[in-house]
Every structure is written in C-alpha cells, then in structure tokens.
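Engineer: Please read through the structure below; I'll follow up with questions.
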Amino acid sequence: MGDKKHIRADFVPGHYQFTTDKGSSFTIGPESAPYDYLLGALSGCLFSTFEELAVKMRVSWEHVSFEVHAEKREDVPTTLRELSITVEATGVDNQQKFSKAFETATRYCSIYQTISGVSEMHWSVDFR
105 MGDKKHIRAD FVPGHYQFTT DKGSSFTIGP ESAPYDYLLG ALSGCLFSTF
155 EELAVKMRVS WEHVSFEVHA EKREDVPTTL RELSITVEAT GVDNQQKFSK
205 AFETATRYCS IYQTISGVSE MHWSVDFR
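Everything in the sequence shown is counted per my numbering, starting at 105 for the first residue and increasing by one.
Here is the structure:
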C-alpha cells in the first residue's frame, strides 16, 4: 500500500486555509492561490527526487533554483496547458551527470508525472 496523505481544509468567510497532519497551516487567498501551491509542490517533489538521484550519482552543486511558469487553458476545466521549468545551477562538479539526474527526476517525480497528464511539459538547465 502506498504512502497515505491527509490535510484538513477550513473555509470561513474571508479566511481559507489547509493544515497538514504535522500541524503546518497554509492560507489560500489572493497572495497564495491553489495553483501557487501546486507549482510549489511540483518544485519540492522534483527537487527531492533529483537530490536523491544526484547523491546516488555522486553529483555535487552549491545552489539550485527553479523558475516555474505555467499557463492555464481558457476552456473549462482550466487545467494547465503548458508548464516550463528553468533550472539554474551553480558550483556543479559534473554538468552532464547533473542534467542526467534532473532528466531522470522528471520521470520519477510523481507530481511532475501527474501534471504531465494534462499539460505540455518543458524543462531546461542553465549552469552558472
């Protein structure tokens, strides 16, 4: 059986939030809409998957950042039409292995794979 996840969501006039089983609360509103959380979850899942692979492949780096851009469809339901991830990496000891680890992470990251079911996905890695 797979890993089970659970949140509690509460909605009262003017305040919407969800809370994790570990007690972290997140507000849903103009500053942090649901798709912001989705894109943040994607970046967290993708990095965690990449990091695990990079450790196994003995790839090191100093800093990694993701820029995630998404465009929603106009037709209802307004799922994502296209999503692009630009990875910026500094202090990478082996760029080829880094890129291979990231490419493999896109295949194993469950959130990436879930979103790819409705969206055209693109990614690139820039080394600094």
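Backbone N, C-alpha and C define an ideal beta-carbon position, used for all residues, glycine too.
1) In whole angstroms, give me the CA-to-CA distance for ARG112 and SER128.
2) By a C-beta neighbour count over all protein chains shown, 10 Å radius and 16 as the cutoff for buried, is ALA158 buried or exposed?
3) Check whether the segment 157-176 and the segment 199-206 are in contact - that is, three or more C-beta pairs closer than 8 Å.
4) Nearest by alpha-carbon distance to PRO138: which of GLY106, THR182, MET105, GLU224 is it?
5) Can you say whether PHE115 is buried or exposed, counting buried as having 16 or more other CB atoms within 10 angstroms of its CB?
6) Of all the options CYS213, HIS167, MET225, ARG185, which has the alpha carbon lying nearest to the alpha carbon of LEU150?
7) Within this structure, are the beta carbons of GLY195 and GLU166 separated by less than 8 Å?
8) Using 8 Å as the threshold, is the C-beta distance between THR190 and ASP125 below it?
9) So the alpha helix (DSSP H) LYS160 belongs to, where does it begin and stop?
10) In the DSSP assignment, what are the bridge partners of HIS226?
Structural biologist: From the atom records:
1) 11 Å
2) buried
3) Touching, yes, given that three or more Cβ pairs across the two stretches are closer than 8 Å.
4) THR182
5) exposed
6) CYS213
7) yes
8) no
9) 138-161
10) SER188
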